[in-house]
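Visitor: For the protein sequence lines, the chains are G and Y, in the order given.
Under my numbering, residues 1 to 265 are what the first sequence spells out, in order.
Under my numbering, residues 1001 to 1265 are what the second sequence spells out, in order.
Sharing a structure below in structure tokens format, with a few things to ask.
There are 2 protein chains.
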Amino acid sequence: MTHGVLLPIGGAEDKTAKRVVLSRFVALCGGTEARIAVIAAASAVPEESGKRYVDVFSTLGAAQVSVIPIASRYDADSESALAQLRAATGIFFTGGDQLKLVGLIGGTRLHAALRERHAAGMTVAGTSAGASALSQHMIAFGKSGSTPQQRMVQLTAGLGLCAPLIIDQHFRQRDRIGRLLTAVALSPQLIGVGIDEDTALLITADGKAEVVGSGSVTIVDGGALSYTDAHAVKGYSVIALHSVRLHVLTSGHIYDLNTRLPIAP
Amino acid sequence: MTHGVLLPIGGAEDKTAKRVVLSRFVALCGGTEARIAVIAAASAVPEESGKRYVDVFSTLGAAQVSVIPIASRYDADSESALAQLRAATGIFFTGGDQLKLVGLIGGTRLHAALRERHAAGMTVAGTSAGASALSQHMIAFGKSGSTPQQRMVQLTAGLGLCAPLIIDQHFRQRDRIGRLLTAVALSPQLIGVGIDEDTALLITADGKAEVVGSGSVTIVDGGALSYTDAHAVKGYSVIALHSVRLHVLTSGHIYDLNTRLPIAP
């Protein structure tokens, strides 16, 4: 594989102090040569969200930072949006609502160009809703809680940049392990990735994923699942699961997507 | 592409009279040379369901018909199940519950071997729950009705044999267009396919999909979607959609997945 780095971020990343996660993103995009395009379409206040990241990335030394304005699906099919994306060395998706983001760009020319450029090596990051949206099978919304229940998570199609991963965010802060376990119980071929705030998973083309930032990343792997009654329980009854493999990884730990095993620093 | 034919069936197909859909399946598997393996893991009464199809396919002249017994995920990792699958020219998934089927085989060695053999040319059919499960983004369950509402459909990961299609079944009989519209509103990069009872969509490697049987196939294409508020409405409020492309196709009509346009017979 030759595709670019993928950097899902768990939301609420430090923007004013050490900025470990965002600095790493700028470095991945080329540092002082970086040309970053911000997509704030997930946000309820896209101008404000976009500007905030333009300021941070500029302060961190990127050569060029701009916002691709997308208020409609027409915008996401426009030549100007495509030109902005194609000129970038890195794309950054802000937080907000992942359904709003996918509703505006899913299946458009911008979506196709994003996949094409990422496959050719461009770095792509997203925070909060922007992280969830990177998944093929995306958590659209759900309920908090630590116990898996059949109806606590709703999946839709995401942008499809990391096919076997279901990415969840604000993970520890919003008590989301129940819904990630539910997602994997219902779809055991997928790997659940729960990312805490101010934390990211840096996924390279060789399938190595490194934890960056102050929190942890929880991995829920259904590959060894020997039993679940997820199909049989109804509504908000609790789902039984046998042999889920769970990892909690902190800064510097690596999760190998090929072997599905973690590597300590 | 060189992969085998895919034949999702809308359920309740004729098993005693002309058997148009099931005869076509046997012919696709090699007719009198056909070696068919039935997977009845979706069914609540798998022995009964399996035997029923063994009898029908034998009557229709297949050379060999057997059931791959899968009562647990261990069975789906077993050498005997893999050997049965690899010896087959065609696989048939019965109806039942698609979550039960995916819970038992999703991510197992049988799932991997199924994808590999289908990619190499093996025919794969599924009826009712077995049709839904062929999707990448699978309708797990949902509500009936003709109006799209945000929470009326639940998606999980399916077997992934027809990536851009969301397949629904018993379509007209159970009034399911609302949930298919909802699925496409939430994931506009996908194509919704609603298949009536005693009807199938015969999808070939060149992307041509032909309607077979006594009912119709409804196509809901979000590719030209210009607006939706699917992210903003909550619960069971109705979703707005602009410019969904809809086709209702009967026997002999072809839907071209490359151009996304239908061709009359």
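All C-beta atoms, glycine included, are put in the ideal place defined by N, C-alpha and C.
The structure displayed is predicted, hence computed values, not measured ones.
Do G/Ile39 and G/Ile91 come within 8 angstroms of each other at the CB atom, strictly closer than that value?
Guide: Cβ distance < 8 angstroms, so G/Ile91 and G/Ile39 count as in contact.
Visitor: So is Y/Ala1034 buried or exposed if we call it buried at 16+ other beta carbons inside 10 Å?
Guide: The residue is buried, with at least 16 neighbouring Cβ atoms inside 10 Å.
Visitor: Taking Y/Gly1106 as the query, report the chain G residues whose CB atoms sit under 7 angstroms from its CB, ordered along the chain.
Guide: The answer, in chain order, is Ser187, Pro188, Gln189.
Visitor: Which residues does DSSP list as the beta-bridge partners of G/Phe141?
Guide: Paired residues: G/Gln154.
Visitor: Return the residues of the region 155-189 of chain G that lie within a Cβ-Cβ distance of less than 7 angstroms from chain Y, sorted by chain order.
Guide: Result list: Leu155, Thr156, Ala157, Leu186, Ser187, Pro188, Gln189.
Visitor: So what's Y/Leu1261 in DSSP terms, helix, strand or just coil?
Guide: Note: Y/Leu1261 maps to strand in three-state DSSP.
Visitor: Taking Y/Gln1149 and Y/Gly1178 to be in contact with their CB atoms under 8 angstroms, please state how far apart those CB atoms are, rounded to whole angstroms.
Guide: Correct: roughly 7 angstroms between the Cβ atoms.
Visitor: Is G/Gly103 close to chain Y? Criterion is C-beta to C-beta, closer than 8 angstroms.
Guide: For G/Gly103, the answer is yes, since a Cβ of chain Y falls inside 8 angstroms of its Cβ.
Visitor: By the DSSP assignment, the alpha helix (DSSP H) with Y/Asp1075 in it spans what residues?
Guide: It spans 1073-1076 - the alpha helix (DSSP H) in which Y/Asp1075 sits, taken as one unbroken run.
Visitor: Taking any Cβ of chain Y, which residues in the region 120-142 of chain G have a Cβ under 7 angstroms from it, in chain order?
Guide: Residues His137, Ala140.
Visitor: Counting only Cβ-Cβ distances shorter than 7 angstroms, please list the residues of the region 202-229 of chain G near chain Y, keeping chain order.
Guide: Taking 7 angstroms as the Cβ-Cβ cut-off against chain Y, the residues of the region 202-229 of chain G that qualify are Gly222, Gly223, Leu225, Ser226, Tyr227, Thr228.
Visitor: Which whole runs of the alpha helix (DSSP H) in the region 79-133 of chain G are 4 residues long or more, in chain order?
Guide: If we require 4 residues or more, the alpha helix (DSSP H) runs fully inside the region 79-133 of chain G come out as 79-87, 98-105, 109-119, 129-132.
Visitor: On the criterion of 16 or more Cβ atoms from any shown chain inside 10 Å, does G/Ala140 qualify as buried, or is it exposed?
Guide: Under this definition G/Ala140 is a buried residue.
Visitor: At a CB-CB cut-off below 8 angstroms, which residues of chain Y make contact with G/Ser72?
Guide: Residues of chain Y passing the Cβ test: Ser1226, Tyr1227.
Visitor: Would you give the residue range spanned by the beta strand (DSSP E) that G/Asp168 belongs to?
Guide: Residues 165-168.
Visitor: Are the C-beta atoms of Y/Met1001 and some chain G residue less than 8 angstroms apart?
Guide: Bear in mind that a pLDDT of 45 at Y/Met1001, under 50, signals an unreliable position, so the number given afterwards is only what the model happens to contain. Not an interface residue.
Visitor: Looking at the C-beta of Y/Leu1082, does it have a partner C-beta in chain G at a distance below 8 angstroms?
Guide: For Y/Leu1082, the answer is no, since every Cβ of chain G falls outside 8 angstroms of its Cβ.
Visitor: Report yes if the C-beta distance between G/Pro188 and Y/Gly1107 is below 8 angstroms; otherwise report no.
Guide: Taking 8 angstroms as the Cβ cut-off, G/Pro188 and Y/Gly1107 qualify as a contacting pair.
Visitor: Put G/Tyr236 into one of helix, strand or coil per three-state DSSP.
Guide: It is coil, neither helix nor strand.
Visitor: Give the range of the alpha helix (DSSP H) segment to which Y/Arg1176 is assigned.
Guide: Segment: none, Y/Arg1176 is in no alpha helix (DSSP H) and carries neither H nor E.
Visitor: Between the C-alpha atoms of Y/Asn1258 and G/Val102, what's the straight-line distance to the nearest angstrom?
Guide: One C-alpha to the other measures close to 22 angstroms.
Visitor: So which residues on chain G does Y/Asp1014 lean against when the C-beta distance must stay under 7 angstroms?
Guide: In chain order: nothing, as chain G lies at least about 28 angstroms away.
Visitor: Examine the Cβ distances between the region 1206-1221 of chain Y and the region 1011-1023 of chain Y and report whether three or more of them are shorter than 8 angstroms.
Guide: As far as the Cβ criterion goes, the region 1206-1221 of chain Y touches the region 1011-1023 of chain Y, which means the pair count is three or higher.
Visitor: From the DSSP output, read off the bridge partner residues of G/Gln64.
Guide: Paired residue(s): G/Arg35.
Visitor: What do you get for Y/Pro1265, buried or exposed, if any count of 16 or more other CB atoms within 10 angstroms of its CB means buried?
Guide: Result: exposed.
Visitor: Whose CA, out of G/Leu28, G/Ser78, G/Ala163, G/Leu60, lies closest to the CA of G/Ser132?
Guide: Among G/Leu28, G/Ser78, G/Ala163, G/Leu60, the Cα nearest to that of G/Ser132 belongs to G/Ala163.
Visitor: Go ahead and label Y/Gly1158 buried or exposed: buried means 16 or more other beta carbons lie within 10 angstroms of its beta carbon, across all protein chains shown.
Guide: Label assigned to Y/Gly1158: buried.
Visitor: How many angstroms separate the CA atom of G/Gly222 from the CA atom of G/Leu181?
Guide: Computed Cα separation, rounded: 9 angstroms.
Visitor: Establish whether the CB of Y/Leu1099 and some CB of chain G are separated by less than 8 angstroms.
Guide: For Y/Leu1099, the answer is yes, since a Cβ of chain G falls inside 8 angstroms of its Cβ.
Visitor: CB Y/His1242 to CB Y/Ser1226, shorter than 8 angstroms?
Guide: Against a cut-off of 8 angstroms, the Cβ pair of Y/Ser1226 and Y/His1242 comes out as a contact.
Visitor: By Cβ distance below 6 angstroms, which residues in the same chain neighbour Y/Leu1028 in space, the five residues on each side in sequence not counted?
Guide: Cβ neighbours of Y/Leu1028 beyond the five flanking positions: Val1005, Thr1123.
Visitor: Tell me which residue opens and which closes the alpha helix (DSSP H) that G/Lys51 is part of.
Guide: 46-59 is the span of the alpha helix (DSSP H), which, as asked, contains G/Lys51.
Visitor: DSSP on Y/Ile1200, reduced to helix/strand/coil?
Guide: With the sequence shown as reference, residue 1200 of chain Y is identified as Ala, and Ile is not the correct amino acid for it. Residue state, collapsed to three classes: strand.
Visitor: Kindly list, in the order they appear in chain G, the residues whose Cβ is closer than 7 angstroms to that of Y/His1231.
Guide: Here the neighbours are Asp97, Leu99, Lys100, Gly103.
Visitor: Determine the extent of the alpha helix (DSSP H) in which Y/Arg1024 is found, giving its start and end residues.
Guide: Start and end: 1020-1028.
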